[in-house]
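A quick write-up on the structure given underneath.
2 protein chains.
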Amino acid sequence: MSEAITQSIQDYLKHIYELNEYGGSASTNDLAARLNIAPASVTGMLQKLASTKSPLVIYKKHQGATLTKNGEKAALEVIRHHRLLETFLVNTLGYSWDEVHHEADKLEHVISEDFEARMAEALGHPTRDPHGELIPTADLTMPADESCPLASLRTDETATVRRVSDDDPALLRHLREIGVVPEVKIVVKNYSAFDGNLTIKVEGQKANIVLGTAVTSQVFVDK
Amino acid sequence: MSEAITQSIQDYLKHIYELNEYGGSASTNDLAARLNIAPASVTGMLQKLASTKSPLVIYKKHQGATLTKNGEKAALEVIRHHRLLETFLVNTLGYSWDEVHHEADKLEHVISEDFEARMAEALGHPTRDPHGELIPTADLTMPADESCPLASLRTDETATVRRVSDDDPALLRHLREIGVVPEVKIVVKNYSAFDGNLTIKVEGQKANIVLGTAVTSQVFVDK
DNA sequence: AAATAAATTTAGTCTCACCTAAATTTATTT
DNA sequence: AAATAAATTTAGGTGAGACTAAATTTATTT
Ligand SMILES: [Mn+2]
Ligand SMILES: [Mn+2]
Ligand SMILES: [Mn+2]
Ligand SMILES: [Mn+2]
């Protein structure tokens, strides 16, 4: 009778995983912000998750949270569900890429392993979701990602868009509009040291476009 | 800020609706059995559901529960989700008809109205699910059903299978095996007054088969 | 019409996952 | 090194939705 991994816990694990990808451990406040939960509540949950026989989380007071091997597997399971669902919604039900995140956020906790397998099969075992994000494999390994923020490019550099953040529908609609989507090639025409603005030429688009850091920090490219 | 219709409440409403279809009001014990919840807990929930400003349920002590107009709409919403999902899982993801009920029972509470609409569209607005059960319309009306239990037929009567109960996977596999599926024609060869057994000939099958009431009470036909 | 059985309700608890307010600890300035 | 600010934890609740045990009401027998 190992502790059940509730929907709530799945959300904690998923967000701890994503925060861990950036800097080291996930802080109470960052988690609280992402989960839309009071920091005090996060502390409570982290204490609980770290104090079972085989814990999902490693947590030391004032030092944030990290995942154990088990916790990471559970997180990758949820992330695989999420990204396969997004792909399925776009490919099979005709959703646009700005509509799928919210729906996937609910469904990811509810589908069976059978449903996951059938989706993967029907989609031809995709490796990336509609936003270019990598889909963990069926055995729960996260493929390596080499991409870097568009914001880190400078004048005359050339790159291929690999993925974009998927949680802001307005941003996604804008990116679609200007043609900044995965696999598209771009060239940086100018970098402004003041505001961090990048002027870029997007493959297949006539005019150059100027993007602020609010955009360029959310788009990831391979040089 | 009208009271939220939680997943729990949706399940209560769905089962009250289904029990109301048979006899009059849904008893505490019947609901408890269907929901796998202690009778005392059901009493508590019914009291709560019946005591809001615009209640979903009509409940009088010791007399079971009935749905209000609002309660019925909410129930039909869930049932529409359930049956569209079952159809979708079979038609689009290749599930067999004995596997879908459990999956749909979880998904029905989670999908959006947009998801519902896209499924209906993709499926060509079906009127029945894989078990032949009627799908409530988009404006939440339940079409009339004329079918009667196979158990009520007698020797020499002829009928068309319309629908079968969908909650017992073993029964569904057996029915598939013997060819008793929606739209198939059957003839009653013999009725045994003792045990209620029916001997029937199924269209397209070589040999006659004998069915007990455990089966014939779960299969519904049009004469 | 009692007696018994079955169904239902009441009363009192429990767990989960949140919350707010106050205290504490750590980090950043001056 | 204080002082201040920010992050985090502790303490004490809450509400939803379940449970068990006991009391009550209704239904069925004899
Ligand atoms: Mn997403
Ligand atoms: Mn995505
Ligand atoms: Mn079903
Ligand atoms: Mn069905």
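Those protein sequence lines, which keep their order, are chains U and Z. All you need for the numbering used here is the position in the first sequence, starting with 1, plus 13. All you need for the numbering used here is the position in the second sequence, starting with 1, plus 13. Don't be surprised by glycine CBs; every beta carbon is placed ideally from N, CA and C.
Taking beta-carbon pairs under 9 Å, can you tell me which members of the segment 122-148 of chain U lie near chain Z? His122, Val123, Ile124, Ser125, Asp127, Phe128, Arg131, Met132, Glu134, Ala135
Backbone CA spacing between Leu62(Z) and Lys86(Z) [nearest angstrom]: 15 Å
With H, G and I counted as helix, E and B as strand and the rest as coil, what does DSSP make of Tyr204(U)? strand
Sort Asp142(U), Val123(U), Asp127(U), His75(U) by Cα distance to Phe101(U) and report the nearest one. Asp142(U)
Lys198(Z) bridges to which residues according to DSSP? Thr173(Z)
Residues in its own chain within less than 7 Å of Asp5(Z) by CB, not counting five upstream and five downstream? Here chain Z has residues from 14 to 236 only, and residue 5(Z) is not among them.
Spatially closest choice to Pro195(Z) from Gly209(Z), Leu211(Z), Ser160(Z), by CA coordinates: Ser160(Z)
Who are the Cβ neighbours of Glu216(Z) in its own chain at under 8 Å, not counting the five residues just before and after it? Gly192, Val197, Lys198, Ile199
Near Ser54(Z), which residues of its chain fall below 8 Å by C-beta distance, leaving aside the five closest residues on each side in sequence? Ala45
For Leu62(Z), would you say it is in contact with chain U, using Cβ-to-Cβ distances shorter than 7 Å as the test? no
Between the segment 106-120 of chain Z and the segment 70-90 of chain Z, are three or more C-beta pairs nearer than 8 Å? no
Below 7 Å between beta carbons: does that hold for Leu147(U) and Asp158(U)? yes
Examine chain U for any beta-carbon lying closer than 7 Å to the beta-carbon of Val90(Z), and answer yes or no. The amino acid occupying residue 90(Z) in the given sequence is Glu; Val does not appear at that position. Taking Cβ atoms only, chain U never reaches closer than 7 Å to Glu90(Z), which makes this a no.
Does Glu116(U) have its Cβ less than 7 Å from a Cβ in chain Z? yes
What does DSSP give as the partner residue(s) for Asp43(U) in the beta ladder? Note: Asp43(U) sits in no beta bridge, so no partner.
Less than 7 Å between CB atoms is the rule here; does Leu32(Z) satisfy it with respect to chain U? no
Contact test: Asp181(Z) Cβ vs ligand 4 heavy atom, cutoff 6 Å: no
Once DSSP output is grouped into helix, strand and coil, what is the label at Lys219(Z)? coil
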